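Going left to right, the sequence shown walks through residues 1 to 225 as full-length UniProt numbering numbers them.
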Amino acid sequence: MKDTSVRSRSATDRGVSVRRVDAGNTEVQRARILDAAVHCLELKGIAKTSINDICREAGMRPGHLYYYFPSKDAVFAAVLLRDREYILDLIGHMFDGPDIPGQIIDVHIKANDLRQSFGLSPITRIELTTYLSRVDHLDDLLQGGTIERVPTRAMTLATQAAIADGRLPGKTDVVAFVDAIILVWQGLSYSRITPDLDPVRLGQSARQLLEAQLVAWAEPGIGNG
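Now the structure itself:
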């Protein structure tokens with residue numbers, strides 16, 4: 001009988017090697033798919049972008065794409081959340097310096113710069129957020145909360161921590177302050193797609209409003225304490 005033991009071991013070794021390459025390549029392949037999806041979304045819009053479009057742009061078969069993402073909506077969700085860890089880190093340090101209103105605005109600017117480095121325009125991001133808010137199984141896709149709930153929780157925790165160690169006034173209304181930050185960020189986002197709004201001027205107005213509110217909470221006898 002012919003001895004195949006050496007050949008069998010070689011085949012096994014090759015199989016292990018291939019699997020290791022695939023595992024190490026996962027993030028690269030996911031990024032390739034997300035880059036392709038962003039290109040298609042910017043070119044065609046959400047309604048006209050199909051899995052086949054994304055696959056053609058990425059240079060892969062649908063079966064290959066489904067190895068990394070279970071559906072088109074999962075790809076879209078990943079596009080929107082591509083910057084989530086970076087944003088959460090920015091939020092966690094948002095109150096570390098002396099210019100808190102400026103730092104709040106700076107978080108939005110840095111987030112927008114990162115998204116644009118991925119090719120994701122403000123209007124496409126807003127459209128994606130609106131589209132995904134209507135997806136029934138969104139929580140399963142996002143693994144940890146809805147699009148807006150995750151950063152809102154992070155802002156709440158950061159605000160509470162800043163109050164506890166004296167970086168924010170003790171009488172700061174946590175819910176009202178987080179709501180104000182969200183309104184500022186949403187206003188800045190829409191100013192980037194609305195010709196009549198100037199993002200710089202809006203940022204200056206937002207700074208004045210935030211400063212006035214923080215001063216009010218710092219004044220004796222004012223606030224919720």
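Just so it is clear, CB atoms sit at the ideal spot from N, CA and C, and this is done for glycine as well.
None of these values were measured; they are calculated from a predicted model.
Rounded separation between residue i and residue j - CA only
{"i": "glutamate 211", "j": "proline 101", "result": "6 Å"}
{"i": "lysine 72", "j": "aspartate 89", "result": "28 Å"}
{"i": "leucine 188", "j": "glycine 203", "result": "7 Å"}
{"i": "leucine 65", "j": "leucine 114", "result": "24 Å"}
{"i": "glutamate 42", "j": "valine 215", "result": "42 Å"}
{"i": "alanine 164", "j": "glycine 170", "result": "7 Å"}
{"i": "arginine 61", "j": "cysteine 55", "result": "6 Å"}
{"i": "glycine 166", "j": "proline 98", "result": "12 Å"}
{"i": "isoleucine 82", "j": "threonine 26", "result": "Here the sequence assigns arginine to residue 82, which means isoleucine is not the residue at that position. Each residue's Cα considered, the two are about 15 Å apart."}
{"i": "histidine 108", "j": "glutamine 116", "result": "12 Å"}
{"i": "aspartate 179", "j": "glycine 63", "result": "43 Å"}
{"i": "leucine 209", "j": "arginine 30", "result": "41 Å"}
{"i": "arginine 207", "j": "serine 121", "result": "24 Å"}
{"i": "lysine 44", "j": "arginine 84", "result": "25 Å"}
{"i": "tyrosine 67", "j": "threonine 130", "result": "27 Å"}
{"i": "aspartate 106", "j": "proline 195", "result": "21 Å"}
{"i": "cysteine 40", "j": "asparagine 52", "result": "10 Å"}
C-beta atoms of residue i and residue j nearer than 8 Å
{"i": "leucine 197", "j": "tyrosine 190", "result": "yes"}
{"i": "leucine 157", "j": "isoleucine 46", "result": "no"}
{"i": "phenylalanine 69", "j": "isoleucine 33", "result": "yes"}
{"i": "threonine 172", "j": "threonine 152", "result": "no"}
{"i": "methionine 94", "j": "isoleucine 87", "result": "no"}
{"i": "valine 79", "j": "valine 28", "result": "no"}
{"i": "isoleucine 181", "j": "isoleucine 126", "result": "no"}
{"i": "alanine 58", "j": "leucine 132", "result": "no"}
Residue i classed as buried or exposed, judged by whether at least 16 other C-beta atoms fall within 10 angstroms
{"i": "valine 200", "result": "exposed"}
{"i": "histidine 137", "result": "exposed"}
{"i": "alanine 161", "result": "exposed"}
{"i": "threonine 49", "result": "buried"}
{"i": "valine 75", "result": "buried"}
Reference residue i, options the options, closest by Cα
{"i": "glycine 119", "options": "Glu27, Ala36, Trp217", "result": "Ala36"}
{"i": "methionine 155", "options": "Gly166, Phe177, Val135, Asp136", "result": "Phe177"}
{"i": "glutamine 186", "options": "Asp165, Cys55, Ala74, Ala111", "result": "Ala111"}
{"i": "tryptophan 217", "options": "Ala78, Leu168, Asn52, Leu81", "result": "Leu168"}
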